[in-house]
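Input: a single structure, listed below in structure tokens.
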Amino acid sequence: MASPVSVYNILESHTPPTRKESLKMELLSDVSLLPGEERITDKDIIYICPFSGAVKGKVLITNFRLYFKSSDADVTVTLDVPLGAISRVEKMGGASSRGENSYGLDITCKDMRNLRFALKQEGHSRRDIFEVLFRYAFPLSHGLPLFAYLSQEKYAETGWTIYKPVEEFRRQGLPNNKWRISFINKSYDLCDTYPTVLAVPYKSKEEDLRKVAAFRSRGRIPVLSWIHRENQAVIARCSQPLVGMSGKRNKDDERYLELIREANDTTKLTIYDARPNVNAVANKATGGGYEGDEYQNAELIFLDIQNIHVMRESQKKLKDIVYPNVEESHWLSSLESTHWLEHVKLVLSGAIQVADKVSSGNSVVVHCSDGWDRTAQLTSLAMLMLDSHYRTLRGFQVLIEKEWISFGHKFASRIGHGDKNHADQDRSPIFVQFIDCVWQMTKQFPTAFEFNEHLLLTILDHLYSCRFGTFLYNCESVRDQHEVRSKTVSLWSLVNSKVDMYLNPFYTPESGRVLYPVASMRHLELWVAYYIRWNPRIRQQQQSPVEQRYKELLALRDEYLKKLEQLQLSDSSTSSHLANSPTPNTTSSSTSTPSQQYTHLQTPL
Amino acid sequence: MEFAEHIKTANVEDVVLRQPLQPPSRGTLCITGHHLLFSDREESDSRQVLLLLRNIDAIEKRMSGSSGTITMKCKDLRVLQLDIPGMEQCLNIAHSIETLSCLDCVSAMYPFFYRPVDLSLPEQWGLSSPEMHYSQMKELYEKWRLSTVNRDYSVCPSYPPAVIVPKSIDDDTLKKAAKFRQGGRFPVLCYYHKKNGMVIMRSSQPLLGANRKRCKEDELLLQAVIEGSDKGYIIDTRSMQQAQQARMTGGGFESKSFYDRWKRFHRQMERGKALQESLIKLVEACGDESNNMDRWLSKLENSKWLSHVQNALSTAGLLVECVERDGHSVLVHGSEGTDCSLLISTLAQLIMDPCCRTMEGFLGLLEREWIQARHPFQQRCAHSAYSHARLQQESPVFLLLLDCVWQLWRQFPLALGFSEALLLRLATEVYASDYGTFLCNSDQERCALEVKERTHCLFRALLRPTERDYYSNPLYERTELAIWPSVHPQSLQLWKGYFLRWTQQVRHLEEAQEEIRNMVIEWGKLARS
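Sequence lines, in order, name chains A and F.
When we follow UniProt numbering, the leftmost residue of the first sequence carries the number 1, and every step to the right adds one.
When we follow UniProt numbering, the leftmost residue of the second sequence carries the number 1, and every step to the right adds one.
Below is the structure:
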């Protein structure tokens, strides 16, 4: 916890130098490689740390990571970067460059940091390491497999079974007499970016679906994402209608939306178009557009969320003010000028509108252009607000698998896994923005989520790492082709094998509660623990004692629940109240809250 | 004091009260000498709102036809509105509130009338006294003594009767040194660091004046503080330029030539008017009801409140570095030594000393640094952010302290034994209270008005078992280490619990905190059973 440098900046810090002897041990001996991970090369190198200056040490490159350890006596710096997090590797300086440490490598990462290494100028010393890095950081550009296909990791849990579409629909109460499960897309010929199992209006026929697909961008027809158990209002998602400049109409599409509306007698179907109005209009020029007046009994609301390019630029600006140096003198106005929080606000407030409409009994249809970026954000966040199941550790995994992975958020294009083309205009931090929104919600409702911040950070780390198959490829059809499920490990295998690390000790299940976060700038915060986590001076202090304490609390809670169970067994008169009380491991299915349990507890004690 | 003369209308029926987070309600309004009482007429659940008139910072009245509306903006940042039928009644009520909410006479204030049934006036007022504090600190006995040179407040009217000074310095020397310090606030000990025997001293500025007077006794006194050490540090809470300018008005700073073993740092800290204006801007931005919130972060920045927080924490950090890491004693002062000096010495002690981080320890610290060593609460907290009155001596230094403590609590969620709720309670009580703790400007005034005999002590009340439970931090785990705060703007947050307190969202968070507290306590109980 002691601050390593004098942060109040007058006195020099006196770090006692470490004994020389301790450095004799092999520098890189403490790296524990993953099963399937292989050493490629190692080298003496200088890491130009933005916080402690030039640090001598050794770098190790494997087929999975870049690992650096300092050899200097007074500074300990360790870097452990999955190669998947690297977006760009560049040579810095030339053989004739003057100045200390001017010759080396510049590495740009996807996770809000850059790394700079210097090497000795003689003998083309960087050529090998540059080539190795370039090759293994961008394996797909070099005909190599992603590390996920080389990993030999084994876990007690199998993450690939966490989401079973039919089971999830059954949990929601489907099929019923208004909605049916369709396998029309089982070989991806209705829509190649959709999952195979779809929930559609009961009255719609398979040929209707095909006709609608012809009028929706990339065949992404409106399908059910979620249904409200009591009022039967649904969230349906799709892509934009192909209206075009001439204002084409499609009776089948109009009739199909009418079927969605009728399914729960919604008087007016609300269509949320995530885009700003002008963008939707502009899309007509490229054959797209939005639902016009011909859709009777429907109202269209634009949610003003900007596109992937705007988000990418916003995050770039954010990175500029937090790495390597944090903006000090005008922090808040600089933060404001990145507009990052404003975008977060718009996404959240869009989702709130969706959730509110649905909980008041009206069905909604959500789309943007293609329905795989902003649409995924809106439906998944609204579902997180409406359905407490998605706020459990496993339920959240289902939500991501369902709304993001199975519905074809283009992870491969947005992240650029293993691809050297760092300037690709398709890259965009849409999923990061979604996780940020989730984080904002966990801050506003500290007892409503079963998982903790560490889970969100872990998800974002492996969004880039390529260690797991979970976030690879753009859609299910491609994933099937590449046999992701049989040849790679799921991130959820890791998570569910040591759940304790990801649990929030204060979680209180409340099944019926709809969470409405406040989407006002005053109540949103920058997620410092993610965006500025590489800066040792900003890093949240005392992290490990807090984690330790939370672990103790979890243990205490488990013990509490165990004792509660014993009391419940020994006292049959109160057992009826406690029948639903959670056992330590299955808190997710419970309906009674701990606070309710406390009141019951008074009697037996 | 007759309150009746200010109350022309004591009761009004059929008044509508609008307050944050609750639906409007209709009922009876009643004005007494100290309170505004509103009772809901609904029979189902009759609610009452009891508001100390002292809590009202500003009122606005608006007449329309035969009725009127009074908007009351409170020092706890709540905004309430009363719709009163009858123009005359409305004007009368407004007049009563205006007059009674800012009476100057301390002995007429509510703490002198507050007599709850479950509390009898205490034998001992406050948690401790300088005498008790000294007697409990055995480490001090060798080199430090308790001086009663100020027993009749004649040497320094703002000091308590007993202070801790170097053993080798006699009372006569103290008297002479006091003449060389503004307001007689000669250097006294405020903290002894047990780990290395170093101390924090506190004083006001030396009175060098334009012709650079010196005072042998003052030099001797400071010399005695660092006896056996190579040097000491002085942290002056003014900029070098301000300190130099102070010479023109008779003040100044310790010059290198006469205090050659003391190294001086200047850290400019805003206080007084600048700080008050910062608070006003911040509260205005927080209360901005317009939908146009695009500029929120800029407004927050422009208020400069968070830079004051940053400055206070970083100066306190410097102080801790001197004492804890560098191992030297420090003297802290600005001009009067009653505002920023207290702020940073309090924060430094919280950062360094685990004993100050328990609830008793924290309240004891506040008592020593702010009550006994005198922060002029009466002047500083007469008004808060809404008042239209011309600013005089108002300055939210204590509120700034609480905000800084909150930042520590947020950065070190386990290290403090008390919760945000305690800080919120203190932030409310300091402006309007049932208790006498924050009355008056000094110990001397407190004695003259018999505050200690005739009012209840807030700190003692807060340590009663039920209250103590309520304000404890369920996650608390004592750590012996210093808790070094990060002072980068990215690490500091707006204290929403206070500044956005009357919003639904913050209320939710309060409830969640409460829930977490109950949960942890319940688990603990069962684990022990």
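The beta-carbon is built from N, C-alpha and C at its ideal position, and this holds for glycine as well.
Everything numeric in this text was worked out from a predicted model, so none of it was measured.
Applying a beta-carbon distance threshold of less than 8 Å, which residues of chain F neighbour residue 446 of chain A? Within chain F, 509, 512, 513 and 516 have C-beta atoms less than 8 Å from the C-beta of residue 446 of chain A, given in sequence order.
Where does residue 208 of chain F land, buried or exposed, given buried means 16+ other C-beta within 10 angstroms? Result: buried.
Sorted by chain position, which residues of the same chain lie with C-beta nearer than 6 Å to residue 142 of chain A's C-beta, five sequence neighbours on each side aside? 135
Taking the beta carbon of residue 206 of chain A as the centre, do at least 16 other beta carbons fall within 10 Å, making it buried, or is it exposed? Residue 206 of chain A is exposed by the Cβ-count criterion.
What does DSSP give as the partner residues of residue 191 of chain F in its beta bridges? Partner(s): F:200.
Mind listing, in chain order, the continuous beta strand (DSSP E) runs of no fewer than 3 residues lying wholly within the segment 149 to 190 of chain A? Listed in chain order, the beta strand (DSSP E) elements of length 3 or more contained wholly in the segment 149 to 190 of chain A are 179 to 182.
Cβ shell of residue 259 of chain F (< 8 Å), same chain only, five flanking positions each side left out: Result list for residue 259 of chain F: 219, 222 and 234, in chain order.
Taking 8 Å as the cut-off, decide whether the C-beta atoms of residue 392 of chain F and residue 441 of chain F are in contact. no
Please confirm if the segment 418 to 437 of chain F is in contact with the segment 45 to 55 of chain F, defined as three or more CB-CB distances below 8 Å between the two stretches. yes
Using CA atoms only, rank isn't needed, just tell me which of F:278, F:456 and F:352 is closest to residue 395 of chain F. When only C-alpha atoms are compared, the closest one is F:278.
Grab me the residues of residue 460 of chain F's own chain with a C-beta within less than 7 Å of its C-beta, minus the 5 sequence neighbours each way, in chain order. 122 and 127
Contained alpha helix (DSSP H) runs [length at least 4] in the segment 421 to 490 of chain A, N- to C-terminal order: DSSP assignment within the segment 421 to 490 of chain A yields the following whole alpha helix (DSSP H) runs of 4 residues or more, N-terminal first: 430 to 444, 453 to 465, 476 to 481 and 484 to 487.
Under 8 Å between the Cβ atoms of residue 39 of chain F and residue 28 of chain F? yes
Cβ-Cβ separation, residue 380 of chain F to residue 398 of chain F (assumed contact under 8 Å), whole Å: 7 Å
Nearest CA to the CA of residue 204 of chain A: which residue from A:317, A:396 and A:253? A:253
Close-in-space but distant-in-sequence residues of the same chain around residue 421 of chain F (CB under 6 Å, 5 per side omitted): 471
Span of the alpha helix (DSSP H), counted from its first residue to its last, around residue 505 of chain F: Its alpha helix (DSSP H) spans residues 504 to 528.
Give the straight-line distance between the Cα atoms of residue 374 of chain A and residue 83 of chain A, rounded to the nearest whole angstrom. About 28 Å.
List, in chain order, every chain A residue whose beta-carbon is nearer than 7 Å to that of residue 520 of chain F. Per Cβ cutoff of 7 Å: 553.
What would DSSP say about residue 576 of chain A, mapped onto helix, strand or coil? Because residue 576 of chain A carries a pLDDT of 44, less than 50, the predicted location of this residue cannot be relied on, and the following value inherits that uncertainty. Residue state, collapsed to three classes: helix.
Looking only at its own chain, which residues have a Cβ that is under 8 Å from the Cβ of residue 459 of chain A, when we skip the five neighbours before and after it? 400, 435 and 491
Expressed to the nearest angstrom, what Euclidean distance is found between the alpha-carbon atoms of residue 216 of chain A and residue 313 of chain A? Each residue's Cα considered, the two are about 29 Å apart.
Anyone know if the C-beta pair for residue 277 of chain A and residue 302 of chain A falls short of 8 Å? yes
Would you list the one or two residues that DSSP bridges to residue 117 of chain A? A:47 and A:105
List the endpoints of the continuous beta strand (DSSP E) containing residue 144 of chain F. 144 to 147
Would you list, in sequence order, the uninterrupted beta strand (DSSP E) runs of no fewer than 3 residues that lie entirely inside the segment 315 to 373 of chain F? 329 to 333
Identify the contact partners of residue 532 of chain A in chain F, using a Cβ-Cβ distance below 7 Å as the criterion. Under the 7 Å cutoff, chain F gives 490.
Please report the Cβ distance between residue 196 of chain A and residue 186 of chain A, rounded to the nearest whole angstrom; I am assuming they are in contact, meaning their Cβ atoms lie under 8 Å. 5 Å
Is the beta carbon of residue 502 of chain F closer than 8 Å to that of residue 20 of chain F? In this structure, residue 20 of chain F sits near residue 502 of chain F, with a CB-CB distance shorter than 8 Å.
Whole angstroms is fine: what's the gap from residue 104 of chain F's alpha carbon to residue 383 of chain F's? For residue 104 of chain F and residue 383 of chain F, the distance between alpha carbons rounds to 12 Å.
In the DSSP assignment, what residue or residues form a beta bridge with residue 560 of chain A? None, per the DSSP bridge assignment.
Inside the segment 56 to 118 of chain F only - alpha helix (DSSP H) runs reaching at least 4 residues: 87 to 100
State the start and end residues of the unbroken alpha helix (DSSP H) segment that holds residue 279 of chain A. 277 to 282
CA-to-CA distance, residue 35 of chain F to residue 59 of chain F, given in whole angstroms: If you take the alpha carbons of residue 59 of chain F and residue 35 of chain F, they lie about 15 Å apart.
Quick one: grab the DSSP three-state call for residue 545 of chain A. Residue 545 of chain A: helix per DSSP, three-state reduction.
Please specify which runs of the alpha helix (DSSP H), each continuous and at least 4 residues long, are wholly inside the segment 444 to 477 of chain F, giving them in chain order. 451 to 454, 458 to 462 and 465 to 471
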